[in-house]
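Written out below as structure tokens is the structure these notes cover.
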Amino acid sequence: EDQVTQSPEALRLQEGESSSLNCSYTVSGLRGLFWYRQDPGKGPEFLFTLYSAGEEKEKERLKATLTKKESFLHITAPKPEDSATYLCAVQAPNSGYALNFGKGTSLLVTP
Amino acid sequence: DSGVTQTPKHLITATGQRVTLRCSPRSGDLSVYWYQQSLDQGLQFLIQYYNGEERAKGNILERFSAQQFPDLHSELNLSSLELGDSALYFCASSVGLAWETQYFGPGTRLLVL
Chain L
7 EDQVTQSPEA LRLQEGESSS LNCSYTVSGL RGLFWYRQDP GKGPEFLFTL
57 YSAGEEKEKE RLKATLTKKE SFLHITAPKP EDSATYLCAV QAPNSGYALN
107 FGKGTSLLVT P
Chain W
13 DSGVTQTPKH LITATGQRVT LRCSPRSGDL SVYWYQQSLD QGLQFLIQYY
63 NGEERAKGNI LERFSAQQFP DLHSELNLSS LELGDSALYF CASSVGLAWE
113 TQYFGPGTRL LVL
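Read top to bottom, the protein sequences are chains L and W. Using our numbering, read the first sequence as starting at 7 and increasing by one per residue. Using our numbering, read the second sequence as starting at 13 and increasing by one per residue.
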């Protein structure tokens, strides 16, 4: 069964304190790994798609990387507005085109 | 703004009732997905439609059904509601049938009392 595990469940950072969120997955035939940001009571907002090991993508203070077993979302010099839940999801042939989500990492950045 | 719209934003109803949630995909998108998000289960895939036809089913209860209309909007029908059906329901859309990005709507928060 395809599984997606995110760690840590919650993370508290001081403004400017860089860190990384982890998403480990066990899927057969990964087709895509997706990162979303979700604010409380809102819909997930698309951040990145990664398709193959070694791929990296950046957007402002965020950088996503992918290996054969896991993905990292690196947050450099975070600001309070980066506070949100970050969700990782995979697409694989076993689940058709549906996204299989991890439970997310809740990030709080304090001034 | 993802371009995906959902109505209503909030819905409060009683056990045993039936409700309909509506979703309009982004312009040009043919695929619509429905997901349920509860505190303990996270985001769970329910069902997918592509150009009016059902394409895949996930953890969808028999009390739930959906359809996609010729204008590509979709409706999710929830019947014989139970307390445990209280959750956020999200619709997402993508261009077609491929390994591609899904864009999510703002969701409908359902509370069953």
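Backbone N, C-alpha and C define an ideal beta-carbon position, used for all residues, glycine too.
Where the beta strand (DSSP E) through residue i begins and ends
i, result
"residue 10 of chain L", "9-13"
"residue 55 of chain L", "51-56"
"residue 22 of chain W", "22-25"
"residue 89 of chain W", "86-90"
"residue 18 of chain L", "16-20"
"residue 42 of chain L", "38-44"
"residue 33 of chain L", "It is not in any beta strand (DSSP E) - residue 33 of chain L carries neither H nor E in the DSSP assignment."
"residue 18 of chain W", "17-19"
"residue 115 of chain L", "111-116"
"residue 97 of chain L", "90-97"
Chain W contact for residue i (CB, 8 Å cutoff)
i, result
"residue 60 of chain L", "no"
"residue 74 of chain L", "no"
"residue 53 of chain L", "no"
"residue 102 of chain L", "yes"
"residue 9 of chain L", "no"
"residue 35 of chain L", "no"
"residue 17 of chain L", "no"
"residue 39 of chain L", "no"
"residue 78 of chain L", "no"
"residue 68 of chain L", "no"
Check whether residue i and residue j have beta carbons under 8 Å apart
i, j, result
"residue 11 of chain L", "residue 25 of chain L", "no"
"residue 16 of chain W", "residue 117 of chain W", "yes"
"residue 35 of chain W", "residue 77 of chain W", "no"
"residue 107 of chain L", "residue 98 of chain L", "no"
"residue 43 of chain W", "residue 60 of chain W", "yes"
"residue 102 of chain W", "residue 49 of chain L", "yes"
"residue 49 of chain W", "residue 93 of chain W", "no"
"residue 45 of chain L", "residue 90 of chain L", "yes"
CB contact below 8 Å: residue i versus chain L
i, result
"residue 29 of chain W", "no"
"residue 163 of chain W", "The question about residue 163 of chain W has no answer here: the residues shown for chain W are numbered 13 through 125."
"residue 23 of chain W", "no"
"residue 61 of chain W", "no"
"residue 116 of chain W", "yes"
"residue 76 of chain W", "no"
With 9 Å as the C-beta to C-beta threshold (strictly closer), list the residues of the region 79-102 of chain W near chain L in chain order. 100 and 102
Can you list the alpha helix (DSSP H) stretches of 4 or more residues lying completely in the region 37-79 of chain W, in chain order? none
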